[in-house]
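Worksheet for the structure shown next.
Numbering (our numbering), first residue to last: 36 to 327.
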């Protein structure tokens, strides 16, 4: 049972610690699988249309920085395994953007140079300990920030296209399960505060992504109950964050709301006011919008 009693919070019952560790291992298995359906879908259709390049790039860069962080701290085994495995899948996703994107060669080259420069700087800072002995713990805040907002860019792209067709529905479903188990694990065990904030933001945006799937695919009778349950879960996430940190964290759900409203307003203005000389955007046009 020792493996299931790692990082226990002495203020919480042992059974909750065991449940949280089980959720942690479950989450680890899910994150092993979550990108595979998306990678397969991209390969079969030979396209990454409908996916946000910023989402994919943030994901990889965050995993890269996190890889150095988990080497220096005490975290459960499942967190360590995931930390080494995920950058491989995310690098594969970025490669698909390069191979399948319809963007011009010059645009691909610019994005590749900028992206590689950012990754190289991150690796150089970590390897040289440029920020002192605690370089990894300082830089991980960049990783936390990227992971917290990565799905936001996908959510905004979905708003713009009024569709989630580019995403794998299986990956979205796995993400729902993974984020739910993440919340149970992160808010029940003694984990770095950075991870607690990351879990709140990333899980909240992932749940909004699920809401988009329900709304844009016009599912049947269970749509309204599902939206209600997901809405209640989002409220629970905010309450758990405040209980686990402090009342100051109430600014987090407020910030999420502001970002989502801003994204919605921005995409509506874009769709109603196309650039001068451009044809009006139709539903078909938005489904073929570029991923960069």
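Even for Gly, the Cβ is constructed at its ideal location relative to N, Cα and C. This one's a predicted model, so the numbers in the text were calculated from it and none came from an experiment.
Going by the beta-carbon positions, is the gap between residue i and residue j smaller than 8 angstroms?
i           : j           : result
residue 120 : residue 77  : no
residue 171 : residue 185 : no
residue 102 : residue 118 : yes
residue 244 : residue 207 : yes
residue 211 : residue 165 : no
residue 89  : residue 188 : yes
residue 95  : residue 129 : yes
residue 69  : residue 209 : yes
residue 298 : residue 194 : yes
residue 229 : residue 175 : yes
Between the Cα of residue i and the Cα atoms of the options, which residue gives the shortest distance?
i           : options               : result
residue 132 : 195, 276 and 84       : 84
residue 52  : 203, 249, 244 and 224 : 224
residue 262 : 249, 157 and 272      : 249
residue 218 : 39, 173 and 54        : 54
residue 157 : 93, 258 and 228       : 93
residue 239 : 299, 271 and 283      : 271
residue 126 : 282, 191, 275 and 71  : 71
residue 190 : 73, 86 and 74         : 86
residue 252 : 282, 274 and 202      : 202
How should residue i be labelled, buried or exposed, when 16 other C-beta atoms within 10 angstroms of its C-beta is the threshold for buried?
i           : result
residue 151 : exposed
residue 137 : exposed
residue 296 : exposed
residue 226 : buried
residue 58  : buried
residue 62  : buried
residue 213 : buried
residue 81  : exposed
residue 266 : exposed
residue 215 : buried
residue 79  : exposed
residue 196 : buried
Residue i to residue j, Cα distance in whole Å?
i           : j           : result
residue 301 : residue 41  : 45 angstroms
residue 303 : residue 148 : 32 angstroms
residue 47  : residue 279 : 12 angstroms
residue 155 : residue 99  : 10 angstroms
residue 97  : residue 286 : 23 angstroms
residue 293 : residue 91  : 23 angstroms
residue 169 : residue 177 : 14 angstroms
residue 45  : residue 56  : 14 angstroms
- Enumerated in chain order, which unbroken segments of the alpha helix (DSSP H) with a length of 4 residues or greater are wholly contained in the segment 105-142? If we require 4 residues or more, the alpha helix (DSSP H) runs fully inside the segment 105-142 come out as 112-135.
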